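Adding 251 to a residue's 1-based position in the sequence shown gives its number in the working numbering. Glycine is no exception: its CB is placed at the ideal position from the N, C-alpha and C atoms. None of these values were measured; they are calculated from a predicted model. Okay, so here's the structure we're looking at.
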Amino acid sequence: MYSKPHVRKEYTLTGLQPISDDDLVCALAKHSKRPIFYEDLPINMLVQKEEDGFTSVDDVDWKVRDFIGLEKLKATGLEENIGFISHDIEKICKRKPETVDQYLEATESMTPLEKWIFE
């Protein structure tokens, strides 16, 4: 992404279709052959924590802020709309994005930990 055509460009990277948390959990459980559960935390709980200031060094991690941003987006319901789907991946990679099932089946490109979970 550091080549000139991509400098100062903004992309919206999405899959082929919207996927719910329930569908994602089902796919992960199917491919890992393990029971997987998730707890949907109320967005206001995460936002309040962000507004109050993070309480530990671990909380400042960019992944936490990224997660909060994603949860805020999900709370709007926008990403569930088919109109939210972007074709930027196709423009950049010259191919269609993978489905979740395709990604989870492609064990040859996984990290050792992912392989252990999904093989």
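Quick one: residues in its chain with C-beta nearer than 7 Å to the C-beta of residue i, no 5 flanking neighbours on either side, listed in chain order?
i    : result
E370 : T358
Quick one, which of the options has its alpha-carbon nearest residue i's?
i    : options                : result
D272 : P363, I343, L321, Q353 : L321
I333 : G266, K255, R346, V258 : G266
D352 : L275, W367, C344       : L275
F335 : S360, T362, K325       : K325
V258 : T327, K284, I343       : I343
E349 : L264, I368, D317       : L264
Which value, in whole angstroms, describes the spacing of the CA atoms of residue i and residue j?
i    : j    : result
H338 : K323 : 22 Å
D310 : Y289 : Unreliable placement is indicated for D310, whose pLDDT of 49 sits below 50; the coordinate value is still reported in the next sentence. Rounded to whole angstroms, D310 to Y289 spans 20 Å at the Cα level.
T362 : P256 : 29 Å
I368 : D317 : 24 Å
R285 : G328 : 29 Å
K347 : K260 : 20 Å
S360 : D291 : 29 Å
V308 : C277 : Below a pLDDT of 50, predicted positions are generally treated as unreliable, and V308, at 45, falls in that range; the measurement from the model is reported next regardless. So the alpha carbons of these two residues sit roughly 33 Å apart.
K345 : I319 : 31 Å
Inspect the beta-carbon positions of residue i and residue j and report whether they are closer than 8 Å.
i    : j    : result
K330 : P269 : The sequence given here has Glu at residue 330, not Lys. Yes, they are a contact pair.
L355 : H282 : yes
Cβ of residue i less than 8 Å from any chain C Cβ?
i    : result
W367 : Any reference to chain C falls outside this structure, which holds one protein chain only.
If I measure Cβ to Cβ from residue i and keep anything under 6 Å in the same chain, skipping five residues before and after, which residues do I get?
i    : result
Y262 : D339
L279 : I287
By Cβ distance below 8 Å, which residues in the same chain neighbour residue i in space, the five residues on each side in sequence not counted?
i    : result
K366 : T358
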